[in-house]
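> Protein sequence lines, in the order shown, are assigned to chains A and B. The first sequence maps to residues 30 to 259 in my numbering. The second sequence maps to residues 10 to 451 in my numbering. Backbone N, C-alpha and C fix where the C-beta goes; we use that ideal spot for every residue, glycine too.
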Amino acid sequence: MKKCLTCQQTMFEQVNFAWLFSFRKIQEKYLCENCLKKFVLIRNEERCQGCGRKQEKTNLCYDCIRWEKTGEKKLLGNRAVFTYNEAMQNFMEEYKFKGDYYWYHIFQKDFEQNIRDYYNSGWIYVPIPVDTLTLAERGFNQVTGLLQSLPFDEILKMKEVPERIKQSHKTRKQRLETQQPFEYIDKIDVAGKKILLVDDVYTTGRTLYYAKEILVKKGARDIRSFTLAR
Amino acid sequence: MDKSEFFGRLYIVEKAKLNQMNLHAEHILPAIQIRVEQIICNRCGQKTAKKRGTLPNKQYFCPKCKILGRISTLNVLYTIPEPNKFTQNFNPLSWDGKLSLLQSQAAKELKHVVESKSSHLLWAVTGAGKTEMLFNALEYAILKKMRICIASPRVDVCNELFPRLKTSFKQVDILLLHGKQKQKYRYTQIVICTTHQLLNFHQAFDVLIIDEVDSFPFVNNRMLNHAVKVSRKKESALIFLTATPTKKLLADVRKKKLTFSYLPVRYHGHILPFPKVSIVRGWESKLRKQKLPHKMAKIIMKWSKANFPFLIFVPKISLLEKVYKTVRKYLVSDTRGTTVYANDPERIEKVTKLRKGELDFLITTTILERGVTFPNLNVLVLGAENKVFTKSSLVQIAGRVGRSSSRPFGDVFFLCQTSTRAVKGALREISFLNRKGRQLLK
Ligand SMILES: [Zn+2]
Ligand SMILES: [Zn+2]
Ligand SMILES: [Zn+2]
Chain A
30 MKKCLTCQQT
40 MFEQVNFAWL
50 FSFRKIQEKY
60 LCENCLKKFV
70 LIRNEERCQG
80 CGRKQEKTNL
90 CYDCIRWEKT
100 GEKKLLGNRA
110 VFTYNEAMQN
120 FMEEYKFKGD
130 YYWYHIFQKD
140 FEQNIRDYYN
150 SGWIYVPIPV
160 DTLTLAERGF
170 NQVTGLLQSL
180 PFDEILKMKE
190 VPERIKQSHK
200 TRKQRLETQQ
210 PFEYIDKIDV
220 AGKKILLVDD
230 VYTTGRTLYY
240 AKEILVKKGA
250 RDIRSFTLAR
Chain B
10 MDKSEFFGRL
20 YIVEKAKLNQ
30 MNLHAEHILP
40 AIQIRVEQII
50 CNRCGQKTAK
60 KRGTLPNKQY
70 FCPKCKILGR
80 ISTLNVLYTI
90 PEPNKFTQNF
100 NPLSWDGKLS
110 LLQSQAAKEL
120 KHVVESKSSH
130 LLWAVTGAGK
140 TEMLFNALEY
150 AILKKMRICI
160 ASPRVDVCNE
170 LFPRLKTSFK
180 QVDILLLHGK
190 QKQKYRYTQI
200 VICTTHQLLN
210 FHQAFDVLII
220 DEVDSFPFVN
230 NRMLNHAVKV
240 SRKKESALIF
250 LTATPTKKLL
260 ADVRKKKLTF
270 SYLPVRYHGH
280 ILPFPKVSIV
290 RGWESKLRKQ
300 KLPHKMAKII
310 MKWSKANFPF
320 LIFVPKISLL
330 EKVYKTVRKY
340 LVSDTRGTTV
350 YANDPERIEK
360 VTKLRKGELD
370 FLITTTILER
380 GVTFPNLNVL
390 VLGAENKVFT
400 KSSLVQIAGR
410 VGRSSSRPFG
420 DVFFLCQTST
430 RAVKGALREI
440 SFLNRKGRQL
450 LK
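#1: Under a criterion of Cβ closer than 7 Å to any non-hydrogen atom of ligand 3, which residues qualify, in chain order?
#2: Is it buried or exposed, arginine 471 of chain B, if we count other Cβ atoms within 10 angstroms and call 16 or more buried?
#3: Once DSSP output is grouped into helix, strand and coil, what is the label at serine 51 of chain A?
#4: Hey, quick one: how far does the alpha helix (DSSP H) through asparagine 443 of chain B stretch, first residue to last?
#5: With a threshold of 7 Å, establish whether the CB of glutamate 79 of chain A neighbours any heavy atom of ligand 2.
#6: Between glutamine 190 of chain B and isoleucine 252 of chain A, what straight-line distance do the alpha-carbon atoms span, to the nearest angstrom?
#7: Based on Cα-Cα distance, which residue from B/Gly54, B/Pro72, B/Leu83, B/Leu77 lies nearest to asparagine 66 of chain B?
#8: Taking buried to mean at least 16 other C-beta atoms within 10 Å of its own C-beta, is glutamate 192 of chain A buried or exposed?
#9: Just by C-beta distance, which residues in the segment 146-177 of chain A are closer than 7 Å to chain B?
#10: Taking a contact to mean a Cβ-Cβ separation below 8 Å, would you say threonine 203 of chain B touches valine 164 of chain B in this structure?
#11: Please report the straight-line C-alpha distance between methionine 310 of chain B and tyrosine 131 of chain A, rounded to a whole angstrom.
#12: Going by Cα to Cα distance, which pick from A/Ile153, A/Asn88, A/Tyr238 is closest to isoleucine 223 of chain A?
#13: Following the continuous beta strand (DSSP E) through threonine 203 of chain B, name the residue where it begins and the one where it ends.
#14: From A/Lys216, A/Val219, A/Asp218, A/Phe255, pick the residue whose C-alpha is nearest to that of threonine 232 of chain A; which is it?
#15: Any residues in the segment 104-131 of chain A with a beta carbon nearer than 7 Å to a beta carbon of chain B? Which ones, in chain order?
#16: Along the chain, where does the beta strand (DSSP E) containing serine 245 of chain B start, and where does it finish?
#17: Tell me whether threonine 35 of chain A, by its Cβ, gets closer than 7 Å to a heavy atom of ligand 1.
#18: Using Cβ-Cβ distances below 7 Å, what residues of the segment 66-83 of chain B are close to chain A?
#19: Give a yes or no on whether 8 Å exceeds the smallest Cβ distance from leucine 272 of chain B to chain A.
#20: Could you spell out where the alpha helix (DSSP H) holding glutamate 9 of chain B opens and where it closes?
#21: Expressed to the nearest angstrom, what Euclidean distance is found between the alpha-carbon atoms of proline 180 of chain A and tyrosine 213 of chain A?
#22: State yes or no: is the beta carbon of threonine 255 of chain B nearer than 8 Å to at least one beta carbon in chain A?
#23: Say the cut is 7 Å; is the CB of glutamine 456 of chain B nearer than that to a heavy atom of ligand 1?
#24: Nearest CA to the CA of leucine 110 of chain B: which residue from B/Pro273, B/Ile37, B/Thr96?
#25: For the alpha helix (DSSP H) that glutamate 124 of chain B lies in, which residues bound it at each end?
#26: At a CB-CB cut-off below 9 Å, which residues of chain A make contact with arginine 52 of chain B?
#27: Based on the DSSP output, what are the partners of arginine 416 of chain B in its beta bridges?
#28: Using 10 angstroms around the beta-carbon of phenylalanine 52 of chain A, count the other beta-carbons present and answer buried if the total reaches 16, otherwise exposed.
#29: Under the assumption that phenylalanine 418 of chain B contacts glycine 411 of chain B (Cβ atoms under 8 Å), give the Cβ distance between them as a whole number of angstroms.
#30: On the DSSP letters alone, give me the boundaries of the alpha helix (DSSP H) that phenylalanine 120 of chain A sits inside.
#31: Measuring straight from C-alpha to C-alpha, what distance separates phenylalanine 322 of chain B and leucine 340 of chain B?
#32: When every heavy atom of ligand 1 is checked, does at least one fall within less than 7 Å of the C-beta of asparagine 31 of chain B?
#33: Anything in chain A within Cβ reach of glutamate 23 of chain B, meaning under 9 Å, just list it in chain order.
#34: Just verifying my parser: in three-state terms, what is the DSSP assignment at valine 166 of chain B?
#35: Throw me the rounded Cβ distance for the valine 397 of chain B and threonine 375 of chain B pair, which I believe falls under 8 Å.
#36: Under a Cβ-count criterion, where at least 16 other Cβ atoms within 10 Å of its own Cβ denotes burial, should glutamine 198 of chain B be classed as buried or exposed?
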């Protein structure tokens with residue numbers, strides 16, 4: 030009997046005739062209906078075109094207008110699958126901060142499917158990297174964990190800065206003042222290519238715009254981003 | 010880092026940092042053992058299917074004890090064997106209270122358990138004065154430079170024990186450890202902690218006391234057993250204290266794995282109040298119409314008139330408001346009461362108010378079944394047939410009553426749709442203890 034990863038309640042598999050006569054493998058469940066309901070999807074017609082935030086209309090939100098004012102000519106057009114609510118915060122706590130890697134199962138398949146649906150051919154998927162220290166401690170990059178079966182290219186790397194303050198411990202202001210944190214790894218030529226940056230959460234957008242800045246310099250043609258939550 | 014922090018501790022070290030740390034190779038343990046289909050955690054002792062504990066690059070982690078900070082094959086565990094490096098203390102006990110005759114008998118037995126490093130179960134009724142009965146044994150252990158731990162599954166119990174031990178052993182360094190506080194770890198002769206925290210120790214304690222072992226009936230018993238086994242030295246004293254022993258503990262007594270003693274009489278020399286059971290059919294549908302069962306209405310009106318504080322236990326949080334509103338209708342308007350539950354941010358204040366007489370009653374979930382005492386209290390359980398009210402839970406609830414020597418009795422009512430095994434078991438247990446108690450008091 031399987032238990033819901035969040036509430037530990039036993040889940041009963043619902044096997045019906047439709048399944049018996051199909052050749053589809055039964056989808057494994059990791060969360061019960063109740064816990065799953067707590068995640069809020071962001072639909073296409075109710076998101077900011079710049080950052081993917083859930084809102085009534087599709088116009089640019091306040092934050093994105095600010096990005097434009099700082100001279101960003103083309104916004105990332107971020108898409109996020111879910112809002113960053115309490116359930117998502119709890120997910121990140123268990124998956125990323127407590128390091129329970131198994132939790133990637135909850136979203137991986139749907140996350141990959143969403144990426145394929147919107148950015149199918151000609152896109153290079155580039156995950157946002159994790160710094161060496163965190164990677165050594167945690168043992169995984171939370172972004173690539175969600176991308177396991179898609180072909181992705183790790184062409185960005187965190188610069189080695191001794192005693193760098195961890196992103197989550199910074200205030201918004203400190204985060205915005207951070208200098209370019211990434212380096213380009215010369216694995217593939219991105220000149221003229223379409224790049225999809227992938228991250229777990231879009232918070233201020235700062236991280237993703239830094240990544241974009243590097244790839245623009247390398248001649249990438251179109252750079253968008255995709256995150257699990259906004 | 011001070012070396013003493015490793016004494017008898019399991020310290021997590023990242024493999025990547027191993028060479029900077031200059032540790033003794035013979036004190037390093039692997040964090041995880043890898044088997045064919047499973048991994049075994051060397052901290053919590055639990056087995057996990059490889060699939061559940063996989064990390065990229067053929068690494069593994071233990072999901073079972075991640076609440077203490079995840080350990081994985083990227084770590085090792087480091088420990089320095091417990092050296093008992095404590096300053097000699099010649100007069101550690103600063104308590105000047107007196108034990109009753111029965112209490113001092115039990116205290117003598119416990120001291121003997123420590124002397125002989127054996128394992129023992131003390132079944133002492135609620136309100137017997139367990140903590141004070143430990144003092145002689147603890148004093149002996151401190152004189153002998155033994156390292157001591159008192160652990161309980163409940164944070165509340167730890168929080169209550171800590172100040173009492175501090176005032177009774179003023180010269181001894183005592184540390185309180187649990188997940189909900191920020192106290193940094195340091196090496197001390199006495200540790201008070203939650204049973205979870207025991208997993209961070211390795212053959213550290215000469216005396217391990219487990220208070221209210223049964224207080225979480227659904228705890229992972231295998232993990233708890235492992236913690237009890239590895240946190241204490243191979244030769245050490247083990248004492249279980251409880252008012253409601255589990256079947257497992259009593260079976261261990263029968264198998265002679267534990268020695269055993271009763272204390273069926275309370276510190277003030279009286280036995281437990283005996284609960285009255287009333288069958289109240291359809292209490293939930295009555296409640297929906299904002300009515301109380303006739304019997305219940307009569308009881309609470311009587312209590313309220315006599316001006317005694319009371320607790321009403323209900324089986325679910327969702328019933329609290331409804332019961333509160335309905336109860337209100339039967340009481341005079343200046344009667345003061347409220348509801349309380351486990352995660353209630355004002356829980357502690359509300360309990361204090363009832364104790365001080367600033368409130369007259371509380372409607373509560375099982376959270377107040379133990380660890381709290383109020384003078385002159387009466388209690389009633391509404392819906393005692395619900396499975397949250399286990400036998401031990403009902404015995405504990407009854408044990409809230411008659412705690413003060415000024416009123417060593419009081420009313421306990423179990424109101425239920427039908428009488429369950431738990432209800433019958435609780436009555437049987439209390440009458441058994443009272444029979445034992447009467448024999449002693451003769
Ligand atoms: Zn669930
Ligand atoms: Zn926006
Ligand atoms: Zn473990």
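The structure says:
#1: Residues with a Cβ closer than 7 Å to any heavy atom of ligand 3, in chain order: B/Cys50, B/Arg52, B/Cys53, B/Gln55, B/Cys71, B/Lys73, B/Cys74, B/Ile80.
#2: Only positions 10 to 451 of chain B appear in this structure, which leaves residue 471 of chain B out of reach.
#3: At serine 51 of chain A the pLDDT is 46, less than 50, meaning the model places this residue with poor confidence and gives no usable figure here.
#4: Start and end: 430-450.
#5: As written in the sequence, residue 79 of chain A is glycine, which differs from the glutamate given in the question. Checking the Cβ of glycine 79 of chain A against ligand 2 gives yes.
#6: Spanning the two alpha carbons is a distance of roughly 46 Å.
#7: Between asparagine 66 of chain B and the set B/Gly54, B/Pro72, B/Leu83, B/Leu77, the nearest pair of CA atoms involves B/Leu83.
#8: Residue confidence for glutamate 192 of chain A is low, a pLDDT of 46 falling below 50, so the modelled location carries little weight; the figure read from the coordinates is stated next. Its Cβ having fewer than 16 others within 10 Å, glutamate 192 of chain A is exposed.
#9: Within the segment 146-177 of chain A, the residues whose Cβ lies closer than 7 Å to some Cβ of chain B are Ala165, Glu166, Gly168, Phe169, listed in chain order.
#10: At a Cβ-Cβ threshold of 8 Å, threonine 203 of chain B and valine 164 of chain B count as neighbours.
#11: Distance between methionine 310 of chain B and tyrosine 131 of chain A, taken at the CA atoms: about 55 Å.
#12: According to the sequence as given, residue 223 of chain A is lysine; it is not isoleucine. Lysine 223 of chain A has its Cα closest to that of A/Ile153, out of A/Ile153, A/Asn88, A/Tyr238.
#13: Where threonine 203 of chain B is concerned, the enclosing beta strand (DSSP E) stretches over 199-203.
#14: It is A/Phe255.
#15: Correct list: Lys127, Gly128, Asp129, Tyr130, Tyr131.
#16: Counting along the chain, the beta strand (DSSP E) containing serine 245 of chain B begins and ends at 241-251.
#17: With a cutoff of 7 Å, threonine 35 of chain A counts as near ligand 1, since its C-beta is closer than that to a heavy atom of the ligand.
#18: Answer in chain order: Gln68, Phe70, Pro72, Lys75, Arg79, Ser81, Leu83.
#19: No, its Cβ sits nowhere closer than 8 Å to a Cβ of chain A.
#20: Look at the range of chain B in this structure, 10 to 451, and you will see that residue 9 of chain B is not part of it.
#21: Each residue's Cα considered, the two are about 18 Å apart.
#22: It does not; no Cβ of chain A falls within 8 Å.
#23: This structure does not reach residue 456 of chain B, given that chain B is present from 10 up to 451, and the question cannot be answered.
#24: Looking at the Cα atoms, B/Pro273 is the closest of the given residues.
#25: In this chain, the alpha helix (DSSP H) harbouring glutamate 124 of chain B covers 110-125.
#26: What arginine 52 of chain B touches in chain A, judged by beta-carbon distance under 9 Å, is nothing: the nearest beta carbon there is about 15 Å away.
#27: Per DSSP, the beta-bridge partners of arginine 416 of chain B are B/Ser413.
#28: A caution first: phenylalanine 52 of chain A carries a pLDDT of 46, below 50, which makes its placement in the model unreliable, though a value can still be read off. When all chains shown are included, phenylalanine 52 of chain A counts as exposed.
#29: Contact annotation, phenylalanine 418 of chain B with glycine 411 of chain B: C-beta distance approximately 5 Å; criterion of less than 8 Å satisfied.
#30: For phenylalanine 120 of chain A, the enclosing alpha helix (DSSP H) starts and ends at 115-121.
#31: Looking at the two C-alpha atoms, the distance is approximately 17 Å.
#32: Checking the 7 Å criterion, the Cβ of asparagine 31 of chain B is out of range of every heavy atom belonging to ligand 1.
#33: Contact note: glutamate 23 of chain B reaches chain A through Ala165, Glu166, using a C-beta cutoff of 9 Å and chain order.
#34: Taken through DSSP and simplified to helix, strand or coil, valine 166 of chain B comes out as helix.
#35: The Cβ separation is near 6 Å, so the contact holds.
#36: That one is buried.
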